[in-house]
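J.: Numbering (the working numbering), first residue to last: 1 to 182. Input: one structure, supplied below.
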């Protein structure tokens, strides 16, 4: 079998396998197909695929597609897309408005958070104020300030955050699964 005949006979199977694996890998099927061809040709596996037996060729090809799809999944998990103009508005006049608007919304969120922290029960308000303080104190400093053991800070913090989460979730009307507000 000539190399052209081999490529012609394997191409439909490779295209189908790549089309099936690409969505789960988070890549384009054509990109995956190209990567598999590069892998096969660089490893000399194309010659191994030329071995007699249609079943063995298909098995080797599928294994190469799956290996390349796994590698693509690993790469897409690690990659962070870069967009240099994502934070820059297109209109310079809108830049000051969006900055002001962001500042107002951040201040409002901060006020709502501090109000919710004041409504927490027991030791929670003091602990949450200490955790949210700009000084960024250590657990040892917070424990000394509040007069509790350092080992109990984690469980108390967990309970306080759960309570705060429930309070803030109740304050924000979450839409129902159908899209209607409660």
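All C-beta atoms in this analysis are idealised placements derived from N, C-alpha and C, irrespective of residue type, glycine included. The structure displayed is predicted, hence computed values, not measured ones.
Around the Cβ of residue 70, are there at least 16 other Cβ atoms within 10 angstroms (buried) or fewer (exposed)?
T.: Exposed.
J.: Does the Cβ-Cβ distance between residue 40 and residue 64 come in under 8 Å?
T.: In contact: residue 40 and residue 64 (Cβ atoms closer than 8 Å).
J.: On the three-state DSSP scale, how would you describe residue 182?
T.: Because residue 182 sits at a pLDDT of 48, beneath the cut-off of 50, its placement in the model cannot be relied upon, and the point is left open.
J.: Quick check on residue 26: does DSSP put it in helix, strand or coil?
T.: Three-state result, residue 26: coil.
J.: Return helix, strand or coil for residue 31, following the three-state DSSP convention.
T.: Of the three classes helix, strand and coil, the one that applies to residue 31 here is helix, per DSSP.
J.: Measuring only the C-alpha atoms, how far is residue 106 from residue 60?
T.: C-alpha separation (whole angstroms): 56 Å.
J.: Take residue 4 and list the residues in its own chain whose beta-carbon comes closer than 7 Å to its own, dropping the five residues that flank it on each side.
T.: Answer for residue 4: no residue qualifies.
J.: For residue 238, does the three-state DSSP call read helix, strand or coil?
T.: Summary: the structure shown does not reach residue 238, with the chain confined to residues 1 through 182, and so no result is reported for it.
J.: Any beta-carbon of chain C closer than 8 Å to the one on residue 130?
T.: Here chain C cannot be found, since the structure has a single protein chain.
J.: Could you tell me if the beta carbon of residue 132 falls within a distance shorter than 7 Å of some heavy atom in the ligand FAD?
T.: Absence of the ligand FAD from the depicted structure is noted, as is the absence of any ligand whatsoever, leaving it without description.
J.: Reducing DSSP to helix, strand and coil, say where residue 149 ends up.
T.: Residue 149 falls in the coil class under three-state DSSP.
J.: Among the residues of its own chain, which have a CB less than 7 Å from the CB of residue 58, if the five just before and after it don't count?
T.: Within the same chain, residue 58 has close Cβ partners 13.
J.: Have a look at 16, 20, 26 and 153 and flag the residue whose alpha-carbon is nearest the alpha-carbon of residue 78.
T.: The residue with the shortest Cα to Cα distance from residue 78 is 26.
J.: Using a Cβ-Cβ cut-off of 6 Å (strictly less than) and excluding sequence neighbours within five positions of residue 9, which residues of its own chain qualify?
T.: Cβ within range, chain order: n/a, list empty.
J.: Considering only their Cβ atoms, is the gap separating residue 167 from residue 130 smaller than 8 Å?
T.: Cβ distance not < 8 Å, so residue 130 and residue 167 don't count as in contact.
J.: Could you compute how far the alpha carbon of residue 17 sits from the alpha carbon of residue 23?
T.: Residue 17 and residue 23: Cα-Cα distance of roughly 11 Å.
J.: Alpha carbons only, please: which of 20, 120, 19 and 34 is nearest the one belonging to residue 7?
T.: It is 34 whose Cα lies nearest to the Cα of residue 7.
J.: Please name the residue in 112, 104, 32 and 42 whose C-alpha comes closest to that of residue 75.
T.: Minimum Cα distance to residue 75 is reached at 32.
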